[in-house]
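The number in this note's numbering is simply the position in the sequence shown, starting from 1, with 1352 added. From the three backbone atoms N, C-alpha and C, an ideal C-beta is built for every residue, glycine too. Here's the structure, in structure tokens; my notes come after.
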Amino acid sequence: MILRLCASASLALAGPAAARLAEPRAEQVQAEAPGSTLRDSDYRIGRIVYRLGSAARAHCPDRFPLTGLLFHHLAEYRPADRAEAIRRYGLDSGPGILAVIPDSPAARSGLAAGDVLVSVNGRPFPAPASVGAEEQSKRWRLRVEAPEILLEEQLRLGPVRLEVRRDGRSFPLTLESVPGCPARGRLARSGQANAFADGRYAIMTTRFLRFFRSDDELAVALAHELAHNILRHPQQLEAQGVPNGILRHIGRNARLVRATEEEADRLSVRLLWSAGYDLAAIIPFWRRLYARPDSQLQIISAHPSLRMRERIINEVLAELAPQPRPS
1353 MILRLCASAS LALAGPAAAR LAEPRAEQVQ AEAPGSTLRD SDYRIGRIVY RLGSAARAHC
1413 PDRFPLTGLL FHHLAEYRPA DRAEAIRRYG LDSGPGILAV IPDSPAARSG LAAGDVLVSV
1473 NGRPFPAPAS VGAEEQSKRW RLRVEAPEIL LEEQLRLGPV RLEVRRDGRS FPLTLESVPG
1533 CPARGRLARS GQANAFADGR YAIMTTRFLR FFRSDDELAV ALAHELAHNI LRHPQQLEAQ
1593 GVPNGILRHI GRNARLVRAT EEEADRLSVR LLWSAGYDLA AIIPFWRRLY ARPDSQLQII
1653 SAHPSLRMRE RIINEVLAEL APQPRPS
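Written out as structure tokens, the structure reads:
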């Protein structure tokens, strides 16, 4: 669910390339596409989410094919910028690769930032121009994600054969995956401090990102949102008729939401334990979050109290203590 520091309306989600076209900053990582708008913050989210998903596979009955790829799509650019995005990145041919996580299947396959994927197992990816023409926001997001969904579906069957375009030429390449938890992360440009799970992605806003003192703290929040998606809480609450808005925090709805929050707290500790993050960062993070003057977590009845969260976290840590931690 939502880790909210201020009241907010729904966010307009966008991928890392949704901001205006810009030249890379000096601190950008080498793994990103030349000239892309991927910033170190996007790459930071991608690395942590990949680490959590790949290390915690034992906690996920539905194994997800992880590749270590971060994408951008033509439709994620403003209409006025799309011609320039095509010129720079060739995104009229298919999804572009913004970054490749080191030591991932994508890195081992030879894929690189700046590549464009044209087809998978002989099946062309959806035409980017037609996706960009979609006006209804919910359908637009589903169509933007369609190439990634197609790739995931094919990878579930085994290694895939890709047609890749690089520097004006096309060539075949085989991509494998590693089984893990459903780990998809997205950084949304927003002046509101928020993190939430939408059923597919763990979404963090740029303003909330400034709150975290370390990758260990950031991993706590991302693991919590990934846990919601792994446990299919958004779909579960929708099926139970729990609405968004103020009614979500009242009566039966609040009890149902609170139950999912407690389940996500328990699983998130196990994800962090498996991925080797500093477990001593978990409770201090929650204490800082609850202590903020603009935090609503203490007054929203759909969220556990800080005392309850600490009790849950300590219970799971006690369960894990006798076990050898994965290296």
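{"query": "C-alpha distance - H1411 paired with Q1675, whole-angstrom precision", "result": "15 Å"}
{"query": "Close Cβ partners of G1405 (< 6 Å) along its chain, the five nearest in sequence each way excluded", "result": "L1418, G1532, C1533, A1535"}
{"query": "Residue range of the unbroken alpha helix (DSSP H) whose run includes G1510", "result": "Counting along the chain, G1510 falls outside any alpha helix (DSSP H), and DSSP gives it neither H nor E."}
{"query": "Separation of F1563 from Y1429, as counted between CA atoms", "result": "27 Å"}
{"query": "Uninterrupted alpha helix (DSSP H) stretches inside the segment 1570-1608 (no shorter than 4 residues)", "result": "1585-1591"}
{"query": "Other residues of its chain near G1551: CB distance less than 8 Å, five sequence neighbours each side excluded", "result": "N1581, R1584, P1586, Q1587"}
{"query": "Proximity winner among P1645, A1571, P1524, L1589, relative to A1547 (alpha-carbon distances)", "result": "A1571"}
{"query": "T1526 burial status per 10 Å Cβ neighbour count (16 or more: buried)", "result": "exposed"}
{"query": "Short Cβ contact (7 Å threshold) for A1437 with L1422", "result": "no"}
{"query": "S1445 versus V1609: straight-line alpha-carbon distance, rounded", "result": "42 Å"}
{"query": "Beta-carbon gap between S1471 and E1515 smaller than 7 Å", "result": "yes"}
{"query": "8 Å contact criterion, which A1408 and L1672 should meet: CB distance rounded", "result": "No, A1408 and L1672 are not in contact; Cβ-Cβ is about 12 Å, not under 8 Å."}
{"query": "Inter-residue spacing [alpha-carbon to alpha-carbon] between A1627 and R1403", "result": "6 Å"}
{"query": "Per DSSP, the bridge partner or partners of T1557", "result": "A1540"}
{"query": "Outcome for N1596 when other beta-carbon atoms lying within 10 angstroms are tallied against a minimum of 16", "result": "exposed"}
{"query": "DSSP-derived helix/strand/coil call for H1424", "result": "strand"}
{"query": "Local Cβ density within 10 Å of L1509, reported as buried at 16 or more and exposed below that", "result": "exposed"}
{"query": "Cβ shell of M1660 (< 8 Å), same chain only, five flanking positions each side left out", "result": "E1614"}
{"query": "Local Cβ density within 10 Å of A1545, reported as buried at 16 or more and exposed below that", "result": "buried"}
{"query": "Option nearest L1578 by Cα separation, candidates G1398, R1541, E1497", "result": "G1398"}
{"query": "S1471, enclosing beta strand (DSSP E) - first and last residue", "result": "1468-1472"}
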